[in-house]
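Undergrad: One structure coming up, written as structure tokens, with questions to follow.
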Amino acid sequence: MEISPPARLDSSSLVSIQALRAIAALLVFWGHAINAVTLEVPADFPHLYGPFGVDIFFVISGFVMVYSSEGLFGQPGAPIKFFARRIARIVPLYWAATAILVWFVVPYASTKAVLGSLFFAPHIPSEAPLLFVGWTLIFEMFFYAVFAIALLAKRRFAVVAGASVFLISFSVVFGPALSADNPWGPPAASSIAYLADPVIIEFIFGMMIALVYRAGGRLSIWATMSLLIAAFIWFAATVPSVPRPYSAGIAAALIVAGLSLSSISNPKGSPLIRGVVFLGDISYALYCTHLLSFSFVAWIVAKLAISPVGHAWAYFGAMLATGLVIAVGTYLMFEKPTTNFLKRLIERPRLPASSAIAIGSAVPQTLGKGPAPGCRRDSAKVRSIKSGRERLSLALGAGLNQPECGELLSTLLGR
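Position one of the sequence shown corresponds to residue 3 (our numbering), numbered consecutively onward.
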């Protein structure tokens, strides 16, 4: 592995992560579609081991939290801002999908079950989330809470180390005992035991990979291929006889490391790459809506009095096609605009108290005075800058020391 100076990072630079998101969602999607069809008609479909998609998701989540939170380490209010971002990303679509499920599919659900599902309550077997995929989001929200607190540390390594030590300690002390006879763990006997499942270690794998990425570590094409081959060999040799985080979890970590650290992980935007990125974009919508899509297809088939017997592949194809179409529509019409709206609210700059006082004292002096030529130039420059923080910095530096700059103050205040 080569260590090179960290390049400027942006969302488009991690096409591989988007591809992995797409693969993870499609694995779960495919596996659940097979289950939905075979419940009604005997059929033999190629199994791709759908649960492995969850392990990939968990490793990706650990990676992305470190990667995307670089500017928050040790900053005032970082835990709250981080958690608000994650709620804006996860909650609206999950709540909407759960509401649709309750309204159309399980209207008899108890208030306790609905509230437990909406607020990610850790569950024991008799109290699973109404929207089944919610069980993974419970672990995600727990990890977000731990990571948010770790953001109080000022350095990247300290954040990762703090979160990792807590997760490992919590799992060792409260988690279910794993054994050769029961490698995937017994059913959780309590909410704490549920959260302490060793599967949370998979988030740590992702965080460690992100540390290497942020340090500039990159793999050659041969090293990338070696990791991918090792991942599949390890998976085949250990699943399901070895505890999940050390079998599927390690395999997922090898795949994420191989692709995200690859020196060829930033390809140019060809139509194929744009398609892969879009599949990654819709992965969460697909994850949250596909079970509802399957229920919709089954309802249509029943209404039309069509028997799926003898038409298993057509039934399977209808479920896959409908699931993808609904996921795309959900992403474009609900998830993306909702997330962007909430993100704007969260990221909206707030004037510090000292600036507000300065503005308040300066505004009265500007009444009745025309703007100075220099202020006109500064005002135009302020308007051309979209970043609220940059606008504030420029306006404070150029305008507040000139009492006649009323236009500049108006620009700053958005009037």
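No residue lacks a Cβ here, since even glycine has one placed at the ideal position from N, Cα and C.
Quantities reported herein were computed from a predicted structural model and do not represent experimental measurements.
To which residues of the same chain is A232 closer than 8 angstroms at the C-beta, ignoring the five residues directly before and after it?
TA: So the list reads L256, once near-sequence residues are dropped.
Undergrad: Could you check how far apart the C-beta atoms of L153 and S71 are, in whole angstroms? I think they sit under 8 angstroms.
TA: 7 angstroms
Undergrad: What are the start and end residues of the alpha helix (DSSP H) that includes A225?
TA: I223 to T240
Undergrad: Apart from the five residues on each side of it in sequence, which residues of its chain come closer than 6 angstroms, Cβ to Cβ, to P109?
TA: Spatial neighbours of P109 in its own chain (CB-CB distance under 6 angstroms, excluding positions within 5 residues in sequence) are not present.
Undergrad: Relative to the C-alpha of D46, which candidate in D283, A179, F318 and V258 has its C-alpha closest?
TA: F318
Undergrad: For G219, does the three-state DSSP call read helix, strand or coil?
TA: strand
Undergrad: Give the DSSP bridge partners of S264, in chain order.
TA: L221
Undergrad: So what's Q77 in DSSP terms, helix, strand or just coil?
TA: coil
Undergrad: For V327, which option in R220, S309 and F31 has the closest C-alpha, if you only look at C-alpha atoms?
TA: F31
Undergrad: When you compare only the Cα positions, how much space is there between S192 and M143?
TA: 17 angstroms
Undergrad: Please tell me whether A98 and V104 are closer than 8 angstroms, where the distance is taken between their beta carbons.
TA: no
Undergrad: Three or more C-beta pairs closer than 8 angstroms, one from the segment 212-229 and one from the segment 22-41: is that the case here?
TA: no
Undergrad: How long is the line joining the alpha carbons of S6 and L132, rounded to whole angstroms?
TA: At S6 the pLDDT is 40, less than 50, meaning the model places this residue with poor confidence; the figure from the coordinates comes in the next sentence. Going from the Cα of S6 to the Cα of L132 covers about 47 angstroms.
Undergrad: Taking contact to mean 3 or more Cβ pairs, one atom from each stretch, closer than 8 angstroms, check whether the segment 52-61 and the segment 200-207 are in contact.
TA: Counting Cβ pairs under 8 angstroms, three or more are found: they touch.
Undergrad: Just how far apart, CA to CA, sit F84 and A90?
TA: Roughly 10 angstroms between the two C-alpha positions.
Undergrad: Leaving out five residues on either side along the sequence, give the residues of the same chain with a beta carbon under 7 angstroms from the beta carbon of S119.
TA: T100, P131, L132, L133 and G136
Undergrad: Helix, strand or coil, according to DSSP, for E337 in the structure here?
TA: helix
Undergrad: Between the Cα of Y69 and those of A320, F343, L261 and I211, spot the shortest distance and give me the residue it belongs to.
TA: Answer by Cα proximity: I211.
Undergrad: Would you decide whether S295 is buried or exposed? Buried here means 16 or more other CB atoms lie within 10 Å of its CB.
TA: buried
Undergrad: Near F145, what residues of its chain come up, given a Cβ to Cβ distance below 7 angstroms and the 5 sequence neighbours on each side ignored?
TA: S63, I202 and F205
Undergrad: With DSSP collapsed to three states, give me the class of S192.
TA: Note: S192 maps to coil in three-state DSSP.
Undergrad: Cα separation between H49 and S249?
TA: 18 angstroms
Undergrad: Check each candidate in L322, R157, Y333 and E349 and name the one with the smallest Cα separation from R216.
TA: R157
Undergrad: So the candidates are I92, L41, T40 and T291; which of them puts its Cα closest to the Cα of V330?
TA: T291
Undergrad: Check the C-beta distance from S262 over to A27 and give it rounded, since I have them as a contact under 8 angstroms.
TA: Contact flag wrong, Cβ pair sits at about 17 angstroms.
Undergrad: Would you kindly check if the distance between the Cβ of L281 and the Cβ of A24 is under 8 angstroms?
TA: yes
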